[in-house]
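The structure appears below as C-alpha cells.
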Amino acid sequence: MSRPVLLFDSGIGGLTVLREARVLMPERSFVYVADDAGFPYGGWEEEALKARLLSLFKDLLHRFDPEVAVVACNTAFTLAGADLRAAFPGTVFVGTVPAIKPAAERTRSGLISVLATPGTVKRAYTRDLIQSFASQCHVQLVGSPKLASMAEAYIRGETLPDEDVRAEISGCFQEREGKRTDIVVLACTHYPFLVNVFRRLAPWPVDWLDPAEAIARQARRLVPALDRLKADSRPDRVVFTSDAPDFATRRLVQGFGLSPLV
Numbered sequence: 000m001s002r003p004v005l006l007f008d009s010g011i012g013g014l015t016v017l018r019e020a021r022v023l024m025p026e027r028s029f030v031y032v033a034d035d036a037g038f039p040y041g042g043w044e045e046e047a048l049k050a051r052l053l054s055l056f057k058d059l060l061h062r063f064d065p066e067v068a069v070v071a072c073n074t075a076f077t078l079a080g081a082d083l084r085a086a087f088p089g090t091v092f093v094g095t096v097p098a099i100k101p102a103a104e105r106t107r108s109g110l111i112s113v114l115a116t117p118g119t120v121k122r123a124y125t126r127d128l129i130q131s132f133a134s135q136c137h138v139q140l141v142g143s144p145k146l147a148s149m150a151e152a153y154i155r156g157e158t159l160p161d162e163d164v165r166a167e168i169s170g171c172f173q174e175r176e177g178k179r180t181d182i183v184v185l186a187c188t189h190y191p192f193l194v195n196v197f198r199r200l201a202p203w204p205v206d207w208l209d210p211a212e213a214i215a216r217q218a219r220r221l222v223p224a225l226d227r228l229k230a231d232s233r234p235d236r237v238v239f240t241s242d243a244p245d246f247a248t249r250r251l252v253q254g255f256g257l258s259p260l261v
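Under numbering that gives the first Met the number 0, the residues of the sequence shown are numbered 0 to 261, in order.
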C-alpha cells in the first residue's frame, strides 16, 4: 500500500490545498489534519505554538508515515518550518509561505498587498521574502485577526455582514502617485473560501493570488508518481485534534470526501 500525503492546517483552510492536490495526485491517498483544538493560531505565543507543532508532528509522522507532509498554513510554516525540518530530517516537508515572488512578477502598478494573519505579517520570514523578491515594489502588509475565523464560519454556512468583511480587507487597497494596488496575496489558506465575497466588496478589481495550486504543484514534484490509481477504496481520512468537531464541520469534510478518523 502506498504511503499517504499528510496535509496539515490549523483548521479547514487547507481544504483549498487538498482540492488542488487531489487533481494532481489522483493515485495518492490523503490524511487531512485540522488542529481545531489549537485554532486560531493568532492568540498563541510563538514559542508555545512552535512547541505544539513539534509535538503534534512527532505523533502524526509516527502514526501515518507519510510520503510527504504539507504544512498548508502560513502562520505555522513561517514560524516552525525550519524547526520541523531539523527535528524530522527523514520527512519531506512542503511549506506554505506568502506568494510574494509571483505577485512581484505579475504586478503592473508595483503596489502589492499581503493579506495575512497578524503572526504571518510580523514574521521575519515574510520581511525576508519582500526584501528578496519585491524590493522594487511597495508591499502593504495587512494583518487580520478575524478573517480566518470568519472564513471557517462562512464555509460552514454562516452569513457574514458585509461591513465586517470590508473592515478586514480595506487596508489592502492603496493609491500612490496615481497608481492603485493591483494584486492582493492571500497569505492564509482559509482566505480563498471568501474570495468571491472579497471581489464583490473590493473598491476596484484586483488579482487575488491564491497559493493553493502552487502548494499542490510543489507537493506533486516531491511525491513519486505511481502508475495506477488508488489501490483500495478506502476514502481519504481526516483527523481533528479536538476529537470533537461540530456538526457543520463534520458535514463539510464529508462533502470533501473525508472519512473521520479518531
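Beta carbons are placed, not taken as given, at the ideal position from N, Cα and C, and that holds for glycine.
In the DSSP output, which residue or residues are listed as bridge partners for Arg236? Position 237 of the sequence shown, counting from 1, holds the residue named residue 236. Paired residue(s): Val30 and Ser258.
So if DSSP puts Ala262 in a beta bridge, which residue, or which two residues, is it bridged to? One cannot answer for residue 262 here, as it falls past the ends of the chain, which runs 0 to 261.
Is Val238 near Leu257, with beta carbons less than 7 Å apart? One-based indexing of the sequence shown puts residue 238 at position 239. One-based indexing of the sequence shown puts residue 257 at position 258. Not closer than 7 Å, so no.
Short Cβ contact (7 Å threshold) for Gly13 with Ala75: By 1-based counting over the sequence shown, the position of residue 13 is 14. By 1-based counting over the sequence shown, the position of residue 75 is 76. The answer is no: Cβ separation not under 7 Å.
From Tyr40 to Asp226, what does the alpha carbon distance come to, in whole angstroms? As a working note, residue 40 is residue 41 in the sequence shown. As a working note, residue 226 is residue 227 in the sequence shown. Their backbone Cα atoms lie some 39 Å apart in a straight line.
Is it the case that the segment 87-95 contacts the segment 56-73, given that we only count it when at least three CB pairs across the two stretches are under 8 Å? yes
Relative to the C-alpha of Thr125, which candidate in Arg220, Gly80, Leu53 and Ala152 has its C-alpha closest? In the sequence shown, residue 125 corresponds to position 126, counting from 1. Considering only alpha carbons, the answer is Gly80.
Length of the line joining the Cα atoms of Phe197 and Lys178: Here residue 197 refers to the residue found at position 198 of the sequence shown. Here residue 178 refers to the residue found at position 179 of the sequence shown. The alpha-carbon separation between Phe197 and Lys178 amounts to approximately 20 Å.
Secondary structure, beta strand (DSSP E): runs of 3+ residues fully inside the segment 109-163: Within the segment 109-163, the complete beta strand (DSSP E) runs of at least 3 residues are 110-115 and 137-142.
Of the residues Ala123, Glu19, Val138 and Cys171, which one's Cα is nearest the Cα of Ala215? Looking up residue 215 in the sequence shown gives position 216. It is Glu19 whose Cα lies nearest to the Cα of Ala215.
For Trp203, is the classification buried or exposed, using 16 other Cβ atoms within 10 angstroms of its Cβ as the cut-off for buried? Here the question's residue 203 lines up with position 204 in the sequence shown. Burial call: exposed.
My output table needs one value for Ala79: the three-state DSSP class, helix, strand or coil. What you label residue 79 is simply residue 80 of the sequence shown in a count that begins at 1. Ala79 falls in the helix class under three-state DSSP.
Apart from the five residues on each side of it in sequence, which residues of its chain come closer than 8 Å, Cβ to Cβ, to Gly170? As a position in the sequence shown, residue 170 is number 171, starting the count at 1. Excluding sequence neighbours, Gly170 sits near Ser112, Gln139 and Val141.
Would a C-beta distance cut-off of 7 Å place Asp58 and Thr240 closer than the cut-off? Stepping through the sequence shown from its first residue, residue 58 is reached at position 59. Stepping through the sequence shown from its first residue, residue 240 is reached at position 241. The answer is no: Cβ separation not under 7 Å.
Using DSSP with H/G/I as helix, E/B as strand and the rest coil, what is Ala247? Locating residue 247 in the sequence shown gives position 248, where the first residue counts as 1. Helix, per DSSP.
Where the beta strand (DSSP E) containing Phe7 begins and where it ends: Counting from 1 along the sequence shown, the entry for residue 7 is found at position 8. Counting along the chain, the beta strand (DSSP E) containing Phe7 begins and ends at Val4 to Asp8.
Helix, strand or coil: which one does DSSP assign to Glu174? Counted from its first residue, the sequence shown places residue 174 at position 175. Glu174: strand per DSSP, three-state reduction.
Span separating the alpha-carbon of Asp181 from that of Arg250: Translated into positions along the sequence shown, residue 181 becomes position 182. Translated into positions along the sequence shown, residue 250 becomes position 251. If I take the Cα positions, the gap works out to 36 Å.
Between the segment 151-158 and the segment 97-113, are three or more C-beta pairs nearer than 8 Å? no
Supposed close pair His189, Ala247 - CB separation, criterion 8 Å: Position 190 of the sequence shown, counting from 1, holds the residue named residue 189. Position 248 of the sequence shown, counting from 1, holds the residue named residue 247. Actually they are not in contact, since the Cβ atoms of His189 and Ala247 sit about 15 Å apart, beyond 8 Å.
If you drop the 5 nearest sequence neighbours on each side, which residues of the same chain put their C-beta closer than 6 Å to that of Phe7? The residue you call residue 7 lines up with position 8 of the sequence shown. Within the same chain, Phe7 has close Cβ partners Val32 and Val70.
Rounded C-alpha distance that separates Ser1 from Leu110: For this step, residue 1 is matched to residue 2 along the sequence shown. For this step, residue 110 is matched to residue 111 along the sequence shown. Our two residues, Ser1 and Leu110, have alpha carbons roughly 45 Å apart in a direct line.
Does the separation of the CB atoms of Gly10 and Glu174 fall below 7 Å? Taking the sequence shown and counting its residues from 1, one reaches residue 10 at position 11. Taking the sequence shown and counting its residues from 1, one reaches residue 174 at position 175. In this structure, Gly10 lies away from Glu174, with their beta-carbon atoms at least 7 Å apart.
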